[in-house]
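For the sequence shown, the working numbering begins at 3 and goes up steadily by one.
Heads up, the beta-carbon is just placed ideally off N, CA and C, and yes, glycines get one too.
Model, not experiment: these values are computed from the prediction.
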Amino acid sequence: MIDVHCHYEDDRFNEDRDEVISSLFQNNVTAVIDAGCTIKDCKMISALAEKYPQFYFCAGIHPGNADEFDENALKELKKLWAEEKCVGVGEIGLDYYWENNPPKDKQKDVFVALVNSAKEINKPVVIHSRDAIGDMLDLIKQENISHGVMHCFSESKETAKICLDAGLYFSFGGTCTFKNAVRANENLLYIPKDRILLETDSPYLAPVPNRGKRNDSTNLQFVIEHIAMLWNTTPKEVERITDENAKRLFNII
Ligand SMILES: [Zn+2]
3 MIDVHCHYED DRFNEDRDEV ISSLFQNNVT AVIDAGCTIK DCKMISALAE
53 KYPQFYFCAG IHPGNADEFD ENALKELKKL WAEEKCVGVG EIGLDYYWEN
103 NPPKDKQKDV FVALVNSAKE INKPVVIHSR DAIGDMLDLI KQENISHGVM
153 HCFSESKETA KICLDAGLYF SFGGTCTFKN AVRANENLLY IPKDRILLET
203 DSPYLAPVPN RGKRNDSTNL QFVIEHIAML WNTTPKEVER ITDENAKRLF
253 NII
């Protein structure tokens with residue numbers, strides 16, 4: 003199983019981070035891709051990637067931290083992007099949900115700047131979009147964003163179609179196992195299987211039956227079982243398809 007979106011730098015792993023990460027790779031997790039949301043976090047996950055062969059990372063600035071982006075931050079990011087274990091630019095995007103987030107225009111400017119950097123270095127982008135899908139779709143079209151993934155995707159089928167036509171992938175995690183996950187389940191049946199990836203967003207969004215607890219990548223098995231049921235196939239087959247997709251998009255072996 004490959005977890006394409008997680009946050010092992012989170013404070014909730016401070017007590018037992020190394021124990022948790024090493025246990026993943028003894029429990030059927032082939033690789034994880036951790037997404038950095040601040041320069042500090044990106045440096046921390048880069049160090050983890052150096053320590054564990056199956057630990058990869060993406061480096062970016064989360065829209066909630068858009069104020070952190072300046073010339074110096076870009077310089078730091080460029081160093082991180084050049085590292086061998088850095089497989090993408092993220093997480094980046096737009097988040098209009100939290101009132102205290104930087105203004106919309108600032109978020110858009112930073113997102114566009116990072117998308118352009120990703121194109122220059124030919125790495126996929128990991129996109130976070132919350133309560134901002136209108137502006138996000140405009141930017142996807144305007145900036146020709148075609149190489150990347152919409153993380154924790156829970157938008158409409160119409161939105162999925164636009165992102166699909168652009169060439170983007172979609173990652174699904176614990177929320178698709180929740181009782182009210184109508185949209186996620188519709189999308190899992192609508193989107194072609196070769197564009198679907200698995201994520202946990204650990205330590206957040208643990209799937210049923212561990213909902214509410216601290217999440218880690220071993221919980222992907224519950225997401226896989228859920229998708230296998232929807233697709234009327236075996237968990238092994240879901241694992242095989244999504245692993246292949248993750249390797250293709252992020253160019254990992
Ligand atoms: Zn995330």
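Comparing the CB of H130 with every heavy atom of ligand 1, is any distance shorter than 8 Å? In the sequence shown, the residue the question calls residue 130 occupies position 128. Within the cutoff, so yes.
Count the other CB atoms within 10 Å of the CB of Q28; is the residue buried (16 or more) or exposed (fewer)? Walking along the sequence shown from the start, residue 28 turns up at place 26. Counting Cβ neighbours within 10 Å, Q28 comes out exposed, since fewer than 16 surround it.
Neighbourhood of A120 by C-beta, 6 Å cutoff - its chain only, sequence neighbours within 5 removed: If you number the sequence shown from 1, residue 120 lands on position 118. So the qualifying residues of the chain are V91, V127.
Please classify D5: does DSSP put it in a helix, a strand, or coil? As a first step, residue 5 is located in the sequence shown; it is residue number 3 there, counting from the start. The answer is strand: DSSP assigns D5 an E or B state.
Whole-angstrom distance between K108 and D36, CA atom to CA atom: Here the question's residue 36 lines up with position 34 in the sequence shown. Here the question's residue 108 lines up with position 106 in the sequence shown. The alpha-carbon atoms of D36 and K108 are separated by roughly 25 Å.
Which residue comes first and which comes last in the alpha helix (DSSP H) that contains R19? Translated into the one-based positions of the sequence shown, residue 19 becomes position 17. First-last of the alpha helix (DSSP H) with R19: 19-26.
In the structure shown, what three-state DSSP assignment does Y58 receive? Numbered from its first residue, the sequence shown carries residue 58 at position 56. Y58: strand per DSSP, three-state reduction.
Identified DSSP bridge partners for L96: As a working note, residue 96 is residue 94 in the sequence shown. L96 pairs with S131.
Is E93 near ligand 1, going by C-beta to nearest heavy atom under 8 Å? In the sequence shown, the residue the question calls residue 93 occupies position 91. E93: yes, Cβ under 8 Å from ligand 1.
Would you call the region 189-196 in contact with the region 209-222, where contact means no fewer than 3 C-beta pairs closer than 8 Å? no
I want to see whether chain B comes within less than 9 Å of N74, judged by CB atoms only; does it? This model lacks chain B altogether, as it is built from one protein chain only.
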